[in-house]
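Engineer: In the UniProt record's numbering, the protein residues as written are 1 to 106.
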């Protein structure tokens, strides 16, 4: 069995999209599981200087497959946690905190 996996990085405002392979007949086997080669995507940056604006992505859900019919997702929903207080994150993080985001992969 192979399953699509997304791992997000809040610090870099990026996500890795790949697959976790291992198991048979829909069963997952930790002893044989391995990540396959994946691709790194940047979450969109601000238009006035490429600053990070999606600072606290916490979760991803796949809405649809890609246009080519491949198993790779085409549309994702992401949710953001609250911005860290007391100046621990730049002000560009405020607009996108505690919200839901819709992304279409290229």
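All residues carry an ideal CB built from backbone N, CA and C; glycine is no exception. All of these numbers come straight from a predicted model, not from anything done at the bench.
Could you tell me which whole beta strand (DSSP E) segments of length 3 or greater appear in the UniProt region "Disordered" (83–106)?
Structural biologist: 100–104, all fully within the UniProt region "Disordered" (83–106).
Engineer: Give the range of the beta strand (DSSP E) segment to which residue 14 is assigned.
Structural biologist: Element bounds for residue 14: 14–21.
Engineer: Quick check on residue 40: buried or exposed, where buried means 16 or more other Cβ atoms within 10 Å of its Cβ?
Structural biologist: Classification of residue 40: exposed, given that the 10 Å Cβ count is below 16.
Engineer: Whose CA, out of 14, 101 and 28, lies closest to the CA of residue 75?
Structural biologist: Minimum Cα distance to residue 75 is reached at 101.
Engineer: Can you give me the start and stop residues for the beta strand (DSSP E) that residue 42 sits inside?
Structural biologist: Per DSSP, residue 42 belongs to the beta strand (DSSP E) from 39–42.
Engineer: Based on the DSSP secondary-structure assignment, which residues constitute the bridge partners of residue 4?
Structural biologist: DSSP output for residue 4 lists 19 as bridge partner(s).
Engineer: Please report how far the alpha carbon of residue 55 lies from the alpha carbon of residue 17, in whole angstroms.
Structural biologist: Taking the straight line from one Cα to the other gives about 18 Å.
Engineer: With DSSP run on the structure shown, which of helix, strand or coil describes residue 11?
Structural biologist: Note: residue 11 maps to coil in three-state DSSP.
Engineer: Can you find the residues in the same chain that come closer than 6 Å, C-beta to C-beta, to residue 6, ignoring five residues on each side of it along the sequence?
Structural biologist: Counting only Cβ-Cβ distances below 6 Å, and skipping sequence neighbours, we find 15, 17 and 60.
Engineer: Provide the residue(s) that pair with residue 51 in DSSP beta bridges, ordered along the chain.
Structural biologist: Partner(s): none; residue 51 has no beta bridge.
Engineer: Excluding sequence positions up to five away, which residues of its chain have a Cβ less than 7 Å from the Cβ of residue 34?
Structural biologist: Closer than 7 Å at the Cβ level, and outside the excluded window around residue 34, lie 21 and 22.
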